[in-house]
Amino acid sequence: MSINPRRQYTKHPSLTSQRVNQLSPSGIRKFFDLLASTEGVISLGVGEPDFATPWHISEAAINSLGKGYTMYTSNLGMPELRQELSRYLKDTYNLEYDPNSELLITVGVSEALDLAMRAILDPGDEVIMPDPCYVSYNSCVILAGGTPVMVPTNQENDFEISAADIEARVTNKTKAILIGYPANPTGAVMTREKLAEIAEVAQRHQLLVISDEIYAKLVYGVEHTCFTTLPGMKETTIFLSGFSKAYAMTGWRIGYAAAPREIIAAMTKIHQYTIMCAPTMAQVAAIEALKSGETNATEMVEDYNRRRLVIVKGLNDIGLPCFEPRGAFYAFPSIKGTGMTSEEFAEKLLVEEKVAVVPGSAFGQCGEGYVRCCYATALADIKEALSRMKRFVDKHQVV
Ligand SMILES: Cc1ncc(COP(=O)(O)O)c(C=O)c1O
15 MSINPRRQYT
25 KHPSLTSQRV
35 NQLSPSGIRK
45 FFDLLASTEG
55 VISLGVGEPD
65 FATPWHISEA
75 AINSLGKGYT
85 MYTSNLGMPE
95 LRQELSRYLK
105 DTYNLEYDPN
115 SELLITVGVS
125 EALDLAMRAI
135 LDPGDEVIMP
145 DPCYVSYNSC
155 VILAGGTPVM
165 VPTNQENDFE
175 ISAADIEARV
185 TNKTKAILIG
195 YPANPTGAVM
205 TREKLAEIAE
215 VAQRHQLLVI
225 SDEIYAKLVY
235 GVEHTCFTTL
245 PGMKETTIFL
255 SGFSKAYAMT
265 GWRIGYAAAP
275 REIIAAMTKI
285 HQYTIMCAPT
295 MAQVAAIEAL
305 KSGETNATEM
315 VEDYNRRRLV
325 IVKGLNDIGL
335 PCFEPRGAFY
345 AFPSIKGTGM
355 TSEEFAEKLL
365 VEEKVAVVPG
375 SAFGQCGEGY
385 VRCCYATALA
395 DIKEALSRMK
405 RFVDKHQVV
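Okay, so the sequence shown: first residue is 15 according to my numbering, each after it adds one.
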């Protein structure tokens with residue numbers, strides 16, 4: 015016989031915490047569920063590479079099992095991985111991070127984001143971030159007891175967050191600015207000059223910056239600026255990145271944080287009690303990716319670029335205006351001309367034409383009126399999706 019817990023614990027207004035009750039379920043999940051139950055769908059929905067992990071990376075991990083690498087590692091991550099990562103950050107950005115105290119290997123950037131927020135926030139602390147933005151930014155802040163403060167961004171400004179808009183929202187409770195460029199869901203990138211303006215605001219108001227640079231390698235015709243390389247920012251920036259996107263390793267669950275030792279020590283405290291260490295096999299794979307994965311990453315980026323050009327032109331031709339995304343693997347066209355909300359558009363497109371996109375509203379209020387189309391999918395599928403979308407838009411366009 016099942017017991018109704020509500021009847022047993024009547025003194026509690028809710029069985030679950032108010033903090034969790036505040037969160038809305040990810041708007042992306044709902045579409046994955048719909049997608050899974052529909053045949054013949056072309057998915058531009060899920061934000062992950064369609065490539066398999068390069069074989070030499072997988073092989074390194076498989077071989078490690080035979081060699082007995084099946085145990086916990088140090089909480090911070092394998093020393094060899096931290097050393098390799100330290101070398102990589104020096105070679106790539108000329109940044110010096112001490113592998114023994116300033117780097118932490120995590121279960122993806124997802125865990126690193128959560129740890130960063132829990133390590134720095136006290137109840138009521140505010141974190142300023144762009145709207146729209148990656149779905150977990152907001153939730154990680156709320157789960158850590160903080161308050162997200164959203165800064166609207168728009169297509170006219172290429173979805174860049176402006177330093178002036180950030181500064182206008184600074185209060186005496188503001189603890190940090192959270193940014194992620196190249197951006198999910200918009201594909202926006204920011205120039206060094208504009209990031210430097212944000213750095214100035216951070217310094218003027220003594221704010222920490224959390225910079226999620228998971229798409230750093232996925233840029234097209236522009237340079238990625240690592241926020242930490244801006245003058246004076248290394249001391250107050252929590253730099254997050256990982257292996258999921260650049261090396262097609264989403265399922266391995268491996269990422270890292272690079273930050274001042276005091277912050278890494280605090281993040282490690284939480285990590286050691288909740289996670290212990292990132293998966294050992296994935297850490298071995300990450301070492302191989304850092305040592306010999308560069309060519310694979312470059313080849314995948316070249317391929318994404320070919321698809322990017324096709325999808326952006328295709329969407330504009332159909333009548334879904336799309337600014338040119340210079341990073342990540344997302345196009346973020348406006349669907350305002352159809353008169354539908356982004357959720358209606360995504361649902362109808364899935365039902366009528368079997369193309370899955372994600373409603374922009376899943377990424378914040380300013381995402382309303384847009385849909386996210388991930389082009390990390392085969393070129394033939396992108397072309398077929400575009401022709402189905404054309405039929406759909408022709409049918410629904412408001413004149
Ligand atoms: C901007 C951004 N940050 C972080 C993540 C999470 O990445 P990971 O697989 O490393 O946890 C994603 C995944 O889509 C993302 O788009």
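The beta carbon of each residue, even a glycine, is placed where N, CA and C say it ideally should be.
The beta strand (DSSP E) with residue 354 in it runs from where to where?
-> Element bounds for residue 354: n/a, residue is neither H nor E.
With 16 other Cβ atoms within 10 Å as the buried cut-off, status of residue 316 = exposed
Quick one: does the C-beta of residue 228 sit closer than 7 Å to a heavy atom of ligand 1?
-> yes
Is it true that the stretch 280-300 meets the stretch 333-346, where meeting means three or more beta-carbon pairs spaced less than 8 Å apart?
-> no
Is residue 269 helix, strand or coil when you go by DSSP?
-> strand
Would you report the Cα separation of residue 93 and residue 251, rounded to the nearest angstrom?
-> 23 Å
Distance, residue 288 Cα to residue 282 Cα = 10 Å
Residue 340 versus residue 408 - alpha carbon distance | 28 Å
Complete beta strand (DSSP E) runs within the stretch 218-269 (minimum length 3 residues, chain order) | 222-226, 251-256
Would you say the beta carbon of residue 102 comes nearer than 7 Å to a heavy atom of ligand 1?
-> no
What's the call for residue 35, buried or exposed, on a 16-neighbour Cβ count within 10 Å?
-> exposed
May I have the straight-line CA-CA distance separating residue 356 from residue 372, to the nearest angstrom?
-> 8 Å
Among 237, 181, 203, 229, which residue has its Cα nearest to the Cα of residue 214?
-> 181
Three-state secondary structure (DSSP) at residue 192?
-> strand
Sequence-distant residues of the same chain with beta carbon closer than 7 Å to residue 66, five excluded per side | 262
Hey, is residue 269 close to ligand 1, as in C-beta under 7 Å from one of its heavy atoms?
-> yes
Apply the 10 Å Cβ neighbour rule to residue 86 and answer buried if 16 or more other Cβ atoms are within range, or exposed otherwise.
-> exposed
Who are the near neighbours of residue 411 in its chain, counting only those whose CB is closer than 7 Å to its CB and skipping five residues on each side?
-> 333, 351, 352
Three-state secondary structure (DSSP) at residue 386?
-> strand
Can you grab the Cα-Cα spacing for the pair residue 71 / residue 311, in whole Å?
-> 12 Å
For the stretch 87-124, which segments carrying the alpha helix (DSSP H) assignment without a break, of at least 4 residues, lie completely within its bounds, in sequence order?
-> 93-107
Hey, would you say residue 61 sits closer than 8 Å to residue 49, going by beta carbons?
-> no
Do residue 242 and residue 206 have their C-beta atoms within less than 8 Å of each other?
-> no
For residue 387 and residue 344, believed in contact at Cβ under 8 Å, the rounded distance = 7 Å
Straight-line CA distance for residue 135 to residue 38?
-> 21 Å
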